[in-house]
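K.L.:
Chains as they are written, first to last, in the UniProt record's numbering: chain A, 1 to 447; chain B, 1 to 447.
Even glycine gets a Cβ: it sits at the ideal position worked out from N, Cα and C.
Treat the numbers as computed from the prediction; the structure is a model and nothing was measured.
After the structure tokens below, expect a handful of questions from me.
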């Protein structure tokens, strides 16, 4: 340990059990989380290199950690591991003419957004955690968010990274150009690799011109299948910058926490936004409203006022805290082709009824990406886990995915093969072995 | 050979020298192209599997080929190789509610566009070759085009692929969902891998709602640096669906071929389009015009008429044929951070003067991606090759890339390490060795 402490030139090493405790888990309350031997608070790529060389020399497993906001246990510690924290590398530089932000892995997503905004520019990715999660973690999980339906996931904004491999090699992948096909596409292999291939220390991020303030359309549906029809019709017709769905249980959870006058009897509420240029957004908002009505919406509200629209976005963002009041939670993150969303949601309702557990759902509906949250207490914990597995199986059966944006981590590793198959798993292991031959990086995650 | 011919259940094998001749080269007239032992015209994934198993068994190199429109020699045959053609797998199915097109690797880009359009949907990627190039080739090279400035490159539209590995293993990577982070990101590793990791046989492609007809702005500049200023200013302010630049030599080449009244004295012509929703595009077009004027445009033309706008797009698309009349050509495809485009173009002009060769340039200016074309004859061929290398070096020196969208192929392999470094090259070789241990797939390309 002293050897490693001395190797960290810019950062420092935590070894006291009481200071390590906070680094054992991400947002998944995993009771089997291990106890690290130490936490390296890295302040530079050189620190990360020193940490990984030390870990390779001593065959110590390495768990990389940004802000620890992950929802799939990708940053859960294993016994005796070294936690490498990149949270301290927070520098951000914006080059407005090139439309590129360059930042340390520990820069918060919200800080990058703010830095870009000061130049009239926009960093779109907006995972639910954007105010507290790091760019390094966002890249390692290829984080999504509400904006993806128009702007895509994190991968679409990563032009280049600096990454440290298990043996301490520092690589620069990609760069600062928008287009670049020089060599095997190594860069995207690391985006979403959940700390299993290397430690990301720095990134070049693509920025867009700031969009105009969005127009908002809210629609209430008497059945989930009519809401699903609207989602398909909107997706075929206009580009929305947000298309979110709240089911009946979620509406009621939100109303319980902060009464907002939502219709507690509604089967589903759709929240759509468009940030199209100029007056185009008024025309698009009108189209969205018409398509909702045509699909059977019983109530419709539309506003071009940003503050009013933000109230609805706040309601959407409050669905997390609202469900937290209901009990212990197993958060899900499944995806299906967008037209199969109603089937997925119907089956989730059946699973909830079969097992006698509550499963409120919010969905990035425009992308077919749903977040059912299984609520449980000590009596229903076993049934909750059965529900978790059944939902994963349902998603795969519908041609979908066990994770749209949270990652596999430890929580979904057992289910991965059912989706990607043994062939893809074998190739993944070959690549892992080629890049991390000792297998020290995040063992037990993904593979 | 007879063994292989019998293994092809759906396709057929060409072995006669006269029928093989056409499969020796892509669009690069490489005099060192080898003579294949045979060409497998595959009509199914099973054919491709049989071909690759046969090739592995007999240690025969495999060169995969779509339409053969590549510009970097990625499909140049080597002596004794088996050419695997996927051009015959042309089926296309569109699922409009899921907004997904599923097609064989041999489907033409234009056919996918047309199939999508029949459902009011849009497949954006538009490499210059889109009318004659295949989706398989587009994916293998991660092809770009004019639309990338708004819509991104091919990778942004590939939701899933079916790919055959060197040993004949058939893998399904990704799927039909928009978001999917299940497992190591293997899918993007294959997008742009230029036939070195596997043979793509099928793809699921993401579609968008058809955009409205675009508005067009054309601006003429007295100096390249003023045009560069306009490109930066536009890029910081509005989202254009096209932002192309023609330099003075290109303008004159086009005028020589088909007089259109372009200003032969202009240093640069910018062609911008916006397909923003509703009347938003009129507002965006006005903004683009204002920014061009503010940057010093001496002439400005703007139209909301699609047919008129198409005339200018035709002029842009005719720059290829126009330069072909000038002599033999070495096409380049370099990229830089967008604010460095003027420096790149200034240096290219110097290189042309130093070496006494003509180098007209067109650029996907909004992405910082330039296509200088080096014109040569038998007297200047050596100098042309020196110019080619100097331009590559210039792009790297400016923090850019040796290839923005054409790929490395054989033509740029010697320059690759100067950009990506020895570390990334080593990792690439490790991955190549893990997936293609015998090294039979496209030897000499990329790595």
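Tell me the residue span of the beta strand (DSSP E) that contains residue 41(A).
P.N.:
Here the beta strand (DSSP E) through residue 41(A) covers 38-41.
K.L.:
Given 8 Å as the limit, is there contact between the stretch 355-367 of chain B and the stretch 376-395 of chain B, that is, 3 or more CB pairs closer than that?
P.N.:
Yes, the stretch 355-367 of chain B touches the stretch 376-395 of chain B.
K.L.:
Pick from 54(B), 158(B) and 251(B): whose alpha carbon is nearest that of residue 104(B)?
P.N.:
158(B)
K.L.:
Could one say the Cβ of residue 399(B) lies closer than 8 Å to chain A's Cβ atoms, at least one of them?
P.N.:
Yes - at least one Cβ of chain A is within 8 Å of the one on residue 399(B).
K.L.:
Any residues in the stretch 176-202 of chain B with a beta carbon nearer than 9 Å to a beta carbon of chain A? Which ones, in chain order?
P.N.:
176, 177, 178, 179, 180, 181, 182, 183, 184, 185, 186, 187, 188, 189, 190, 191, 192, 193, 194, 196 and 197
K.L.:
Which partner residues of residue 273(B) appear in the DSSP bridge assignment?
P.N.:
BP columns for residue 273(B) point to 216(B) and 242(B).
K.L.:
Could you name the residues of chain B that residue 284(A) contacts, counting a contact when the two beta carbons are closer than 7 Å?
P.N.:
Close to residue 284(A), with beta-carbon spacing below 7 Å, are these residues of chain B in chain order: 277 and 278.
K.L.:
Output the residue ranges of the beta strand (DSSP E) runs that lie fully inside the stretch 62-118 of chain A and measure 3 residues or longer, sorted by chain position.
P.N.:
62-65, 82-85, 92-95 and 100-104
K.L.:
Taking residue 373(A) as part of the beta strand (DSSP E), name the residues at either end of that continuous run.
P.N.:
DSSP places residue 373(A) inside the beta strand (DSSP E), whose first and last residues are 369-376.
K.L.:
Buried or exposed, going by whether 16 or more other CB atoms sit within 10 Å of the CB of residue 451(B)?
P.N.:
Since the first residue of chain B shown is 1 and the last is 447, residue 451(B) is not available in this structure.
K.L.:
First and last residue of the alpha helix (DSSP H) that includes residue 364(A)?
P.N.:
Bounds of any alpha helix (DSSP H) do not take in residue 364(A); it lies within the beta strand (DSSP E) bounded by 361-364.
K.L.:
What whole-angstrom Cβ distance do residue 403(B) and residue 72(B) have, given they're in contact under 8 Å?
P.N.:
Taking the Cβ atoms as the reference, residue 403(B) lies roughly 7 Å from residue 72(B), within the contact range of under 8 Å.
K.L.:
Who pairs with residue 204(A) in a beta bridge, going by DSSP?
P.N.:
For residue 204(A), the beta-bridge partners assigned by DSSP are 102(A) and 160(A).
K.L.:
If you measure from the beta carbon of residue 348(A) to each beta carbon in chain B, is any gap under 8 Å?
P.N.:
So, not an interface residue.
K.L.:
Just to make sure I have the definition right: I need the residues of chain A whose C-beta is within less than 8 Å of the C-beta of residue 430(B). Which are they?
P.N.:
434 and 435
K.L.:
Report yes if the CB atom of residue 38(B) is closer than 8 Å to the CB atom of residue 8(B), and no otherwise.
P.N.:
no
K.L.:
Give a yes or no on whether the minimum CB-CB distance between residue 420(A) and chain B is below 8 Å.
P.N.:
Closer than 8 Å: yes.
K.L.:
With residue 337(B) and residue 177(A) assumed to form a contact (beta carbons below 8 Å), what rounded beta-carbon distance in angstroms separates them?
P.N.:
6 Å
K.L.:
Give the DSSP-derived three-state secondary structure of residue 196(A) in the structure shown.
P.N.:
coil
K.L.:
Are the C-beta atoms of residue 379(B) and some chain A residue less than 8 Å apart?
P.N.:
no
K.L.:
Could you check whether the Cβ of residue 427(A) sits closer than 8 Å to any Cβ belonging to chain B?
P.N.:
yes
K.L.:
With 8 Å as the threshold, decide whether the Cβ of residue 442(A) is near any Cβ in chain B.
P.N.:
no
K.L.:
Against chain A, which members of the stretch 127-155 of chain B pass a CB distance test of less than 9 Å?
P.N.:
Listed by position, the residues of the stretch 127-155 of chain B near chain A (Cβ gap below 9 Å) are 141, 142, 143, 144, 148, 149, 152, 153 and 155.
K.L.:
Run through chain A and tell me which residues come within less than 7 Å of residue 98(B), C-beta to C-beta.
P.N.:
337, 338 and 339
K.L.:
Helix, strand or coil for residue 130(A) per DSSP?
P.N.:
Residue state, collapsed to three classes: coil.
K.L.:
By the criterion of Cβ-Cβ separation under 8 Å, what are the contact partners of residue 408(B) in chain A?
P.N.:
181, 182 and 183
K.L.:
Where do the ends of the alpha helix (DSSP H) carrying residue 225(A) lie?
P.N.:
224-237
K.L.:
Alpha carbon to alpha carbon, how far is residue 325(B) from residue 489(B)? Give it in angstroms, no decimals.
P.N.:
The question about residue 489(B) has no answer, for chain B in this structure spans 1 to 447.
K.L.:
Would residue 254(A) pass as a contact of residue 97(B) if the rule is Cβ separation under 8 Å?
P.N.:
no
K.L.:
Say whether chain A places a C-beta atom closer than 8 Å to the C-beta of residue 248(B).
P.N.:
False, the Cβ-Cβ gap to chain A never drops below 8 Å.
K.L.:
Check whether chain B comes within 8 Å of residue 369(A), counting only Cβ atoms and requiring the distance to be less than that.
P.N.:
yes
K.L.:
Given this structure, state the Cα-to-Cα distance separating residue 246(A) from residue 271(A), to the nearest angstrom.
P.N.:
8 Å
K.L.:
For residue 285(A), collect the residues of the same chain with a Cβ closer than 6 Å to its Cβ; drop the 5 residues on either side in sequence, then sort them by chain order.
P.N.:
Same-chain partners within the cutoff: 215, 217, 274 and 302.
K.L.:
Going along the chain, which residues of the stretch 40-73 of chain B sit with their C-beta nearer than 9 Å to a C-beta in chain A?
P.N.:
none
K.L.:
Whole-angstrom Cβ separation of residue 200(B) and residue 238(B), contact assumed at under 8 Å?
P.N.:
At roughly 35 Å, the Cβ-Cβ gap does not stay under 8 Å, so residue 200(B) and residue 238(B) are not in contact.
K.L.:
Label residue 36(B) either buried or exposed according to how many other C-beta atoms from any shown protein chain fall within 10 Å of its C-beta, with 16 as the threshold for buried.
P.N.:
Residue 36(B) comes out buried.
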